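Here the structure comes first, spelled out in structure tokens, and everything after it is commentary.
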Amino acid sequence: MNGVFHKEYIGAKSNGVLPSIILLGCPLDITSSFRGGTKFAPESIRRASWTLETYSPYQKRDLSDIRFTDVGDIELPSGNLHGSLEIIEGTIKKMVEGNTKFLIFGGEHLTTYPIVKAVKKHFPDLQLVHFDAHLDLRDVYEGERLSHATVIKRVKELGVENIFQIGIRSGTKEEFEEAHLFDSPSMLKEKLKGDVPLYITFDLDVFDPSLAPGVTTPEPGGLTFKEVMEFFSVLREKNIIGGDIVELSPDYDPTFVSSICAAKVAREMIMLLTTKGEKG
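In this text, residue positions in the sequence shown follow our numbering: the first is 580, and each later residue adds one.
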């Protein structure tokens, strides 16, 4: 059984109409500093999706009413970081130019950098909502400027000024001095800018490791699924143009619960990408 997320599944009865949302695996797994294995995440999320009900009680919507399809994984050259980043950027550029919304299954968190690089060229006033345990604002980590620990710093250098960081509980003193912390859904709601294009990057370690232990860098004191859904409620009806789910390392969770959690987040993010006014 393949589940909801696989190549053959298209949510709504499309009648020849192209899907409005593309799901794409991006198995980048090069700069992880503690433990790796994120290259196995996209397929694990797909396998976990067979446990999903297509109906979301949080958003009162059903995936069967949304046009989306999974097109498989990007082929990345093993061990070639710069080549991989260029391929990711080029792939996303084509989707953005085709006015296609997308959800990326990572992969390590550096995946977000080339994605935002491509998106920012098309949407210069882009906002970024960042779910994570870590600030990822280091300038250099272990001698590298391009790392899962520096990704938000690199994103800021692209000119993304409106960044909303949620669930953060780890970083250096310097990172916290530069942080954009949002501790409650009400605070997020107050600061988000209307219809300005928005991108969501979701590092699975934002959850407490008791809920999702299968991540590259688990950090105690995280959010519950219910708390994440409360933040998601603020994002409904916003102009969300894309998103990613990153840092799942499924082999570190023999219970498979982390992958199931990631698949459920994916279901909710697909619904956020489609406003209620759009027809499936």
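Beta carbons: idealized from backbone N, C-alpha and C, even for Gly. Here the structure is a predicted model, which is why all the values come from computation and not from measurement.
- In terms of CA proximity to Gly800, Phe786 leads the group Phe810, Phe811, Phe786, Gly793.
- Assignment of beta-bridge partners to Gln706 by DSSP yields Asn741, Leu777.
- With respect to the C-alpha of Val794, the residue from Pro776, Pro764, Asp832, Asp774 having the closest C-alpha is Asp832.
- Scanning Gln706, Phe684, Asp718, Asp644 for the CA closest to the CA of Asp823 turns up Phe684.
- Rounded to whole angstroms, the gap between the alpha carbons of Glu654 and Val708 is 27 angstroms.
- Distance from the CA atom of His701 to the CA atom of Val695, rounded to whole angstroms, is 10 angstroms.
- Here the region 623-630 makes contact with the region 841-848; the two share three or more CB pairs at distances below 8 angstroms.
- Taking each of Val807, Leu603, Val739 in turn and checking the Cα distance to Phe710, the smallest one comes out for Val807.
- Across the structure, Ala791 and Ala712 are spaced so that their CA atoms are roughly 12 angstroms apart.
- CA-CA distance, Glu816 to Leu771, rounds to 12 angstroms.
- Ser599 is positioned such that its CB atom lies closer than 8 angstroms to that of Lys680.
- Taking C-beta separations shorter than 6 angstroms and ignoring five residues to either side along the sequence, the partners of Leu783 in its chain run Ala791, Val794, Glu826, Leu827, Ala841, following chain order.
- One thing to note: Leu705 has its Cβ no nearer than 8 angstroms to the Cβ of Ala758.
- Within the region 640-679, the complete alpha helix (DSSP H) runs of at least 4 residues fall at 660-676.
- Taking each of Val698, Ile742, Phe647, Thr751 in turn and checking the Cα distance to Val719, the smallest one comes out for Thr751.
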